[in-house]
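Presented below is the structure to which this report refers.
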Amino acid sequence: MKTVLVLLIALVATASCNLALDKFAEGNHKFTARLYNEILKANIGKNFVFSPFSVEVILALTRAGAKGKTASEFSTGVDLPSEEVTEEALKLFLPLLKSSNENLRLTTANKLYINSNFSILDSYKKLAVSTYDAATENVDFTKTTETANRINQWVEERTNNKIQNLVKPESLDDVQLVLINALHFKGKWSNPFVPSVTKSDFYVSATERTTVDMMFTEDTFKYAESADLDAKFIELPYEGGNVSMTVVLPNKVDGLAALERNLQAVFQPQNYQELYVSVKLPTFLTETELNLTPLLKNLGLTTIFSESADLSGIASEPLMVSEVLQKAFINVTTTGTEAAATTALISKKSATIGSNTLFIANHSFAYFITYHEVILFCGKLTT
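Letter by letter, the sequence shown follows residues -20 to -1, 1 to 363 in mature numbering (1 follows the signal peptide of the UniProt record, and there is no 0).
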């Protein structure tokens, strides 16, 4: 059976469209929690970052060509709404991800690399272009090194060179189709941190600590406390509107593990208040490379990775997915944040002093970046 490689790069409408986007965002939050949990089990004690949205886009593009059981698993395994609702939501949302000015850059791109001796259905190619704004290119997968370099160059160009060497030549053996989503975000804080940083203790556990560069700012932010989660939330907006980083800080120094046992609640809307908050947050840079294949199987997406896969809406020849890979990057500084992710599918937790609320992130926390309520990037800082 022929194989497909899927690669992911982590880095105002009608009422019906808004409803579709709401349904997509709801599924996106559920999927983020479930995928976070799987990544957590494979990265115990480590920092990580990933892009749930990038995974969803590339898998939605795959589902568009799936039939029967293969197609039905995308709803249960990836929490995607119906194909019709997903496509309606993405037709609205993907163009919004092409924003660029001096303060905010947000881009996404999809591409299909097709083996020169392999044909995909015209109907699938048209859907990929019209709904997913995907570009297509014919390549010779027998020239594995040349083709890997070609794909990697495209990825680098669309992620500001933050994602490199996503595809290895050996991953292209016996591959007929590579699907790639690249996502890049660079934004300046709306409420800037003081340009200088201070060396501060960061508690890795209740008894272990390290030294970090700590940023400081104070301003009015959206802030919430959750007794159920024993944590506090703060939303740090970026200039340009609609993009923000939410930091979820456990009240206990060693409380992240308990928080991570209730991830579905973490990603649900909180009862925010507009408060004047003094914020301390460490600078950090995290890069994560993931083979998502076993993680997606654990979530219930299994048939596409087997010879029982029915991807007859993509090509008339038998086709299966061999790997789903993602590289993601995030850099948080006093001026702002840069994040990128690429996904490839290869077929084959406050105290107060005076009037100020304190949000001191001096121990392990989770975070996520959202745009119009859709989680683009998510991760944790623990070391």
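All C-beta atoms, glycine included, are put in the ideal place defined by N, C-alpha and C.
Alpha carbon of residue i to alpha carbon of residue j, nearest angstrom
i, j, result
"A46", "G280", "15 Å"
"M300", "L325", "10 Å"
"K179", "K49", "54 Å"
"E64", "S52", "13 Å"
"Q250", "K123", "51 Å"
"A128", "D120", "10 Å"
"I284", "Y183", "42 Å"
"K212", "F339", "8 Å"
"S31", "F98", "30 Å"
"Q306", "N271", "7 Å"
"A114", "L101", "15 Å"
"residue 369", "Y347", "With the chain covering -20 to 363 only, the question about residue 369 has no answer from this structure."
"E126", "G293", "29 Å"
"K166", "R138", "12 Å"
"V243", "E353", "The displayed chain sequence assigns Leu, not Val, to residue 243. Their Cα atoms are separated by approximately 16 Å."
"P217", "V223", "6 Å"
"N342", "S185", "11 Å"
"L255", "L275", "39 Å"
Contacts around residue i, its chain only, beta-carbon distance under 7 Å, and the 5 residues preceding and following it disregarded
i, result
"L(-2)", "none"
"A40", "L60, T66, L70"
Per DSSP, cross-strand counterpart(s) of residue i
i, result
"G359", "V29, Y347"
"R241", "None, per the DSSP bridge assignment."
"I38", "Answer is none; I38 lacks a bridge partner."
"K307", "T322"
Span of the beta strand (DSSP E), counted from its first residue to its last, around residue i
i, result
"L84", "84 to 95"
"V228", "223 to 230"
"T178", "178 to 183"
"L216", "211 to 217"
"V155", "155 to 168"
"V259", "253 to 262"
"F98", "Looking at the DSSP string, F98 is not in any beta strand (DSSP E), and its letter there is neither H nor E."
"S206", "189 to 206"
Alpha helix (DSSP H) segment containing residue i, residue limits
i, result
"K71", "63 to 76"
"R130", "124 to 138"
Residue i in three-state terms, based on DSSP
i, result
"T315", "coil"
"T337", "strand"
"H352", "coil"
"N271", "strand"
"D2", "helix"
"K10", "helix"
"N278", "helix"
"L299", "strand"
"E53", "helix"
"F121", "coil"
"A115", "strand"
"I294", "coil"
"L325", "strand"
"S79", "strand"
"L265", "strand"
Own chain residues within Cβ distance below 8 Å of residue i, not counting five before or after
i, result
"N278", "E18"
"S80", "L86, T87"
"V257", "E198, D199, T200, F201, Y203, I214, N336, T337, L338, F339"
Beta-carbon contacts of residue i that lie in its chain and below 6 Å, excluding the five residues immediately before and after
i, result
"D290", "K47, G48, T50"
"G334", "Residue confidence is low: G334 scores 43 on pLDDT, short of 50, so the model does not pin down where it sits. Its coordinate-derived value is still stated next. Hits under 6 Å: none found."
"V37", "N161"
"M(-20)", "E287, P298, M300"
"E117", "Y93"
"Q144", "E136"
Contact with chain C by residue i, beta-carbon distance below 8 Å
i, result
"F264", "Given the protein chain composition of this structure (a single chain), no chain C is represented."
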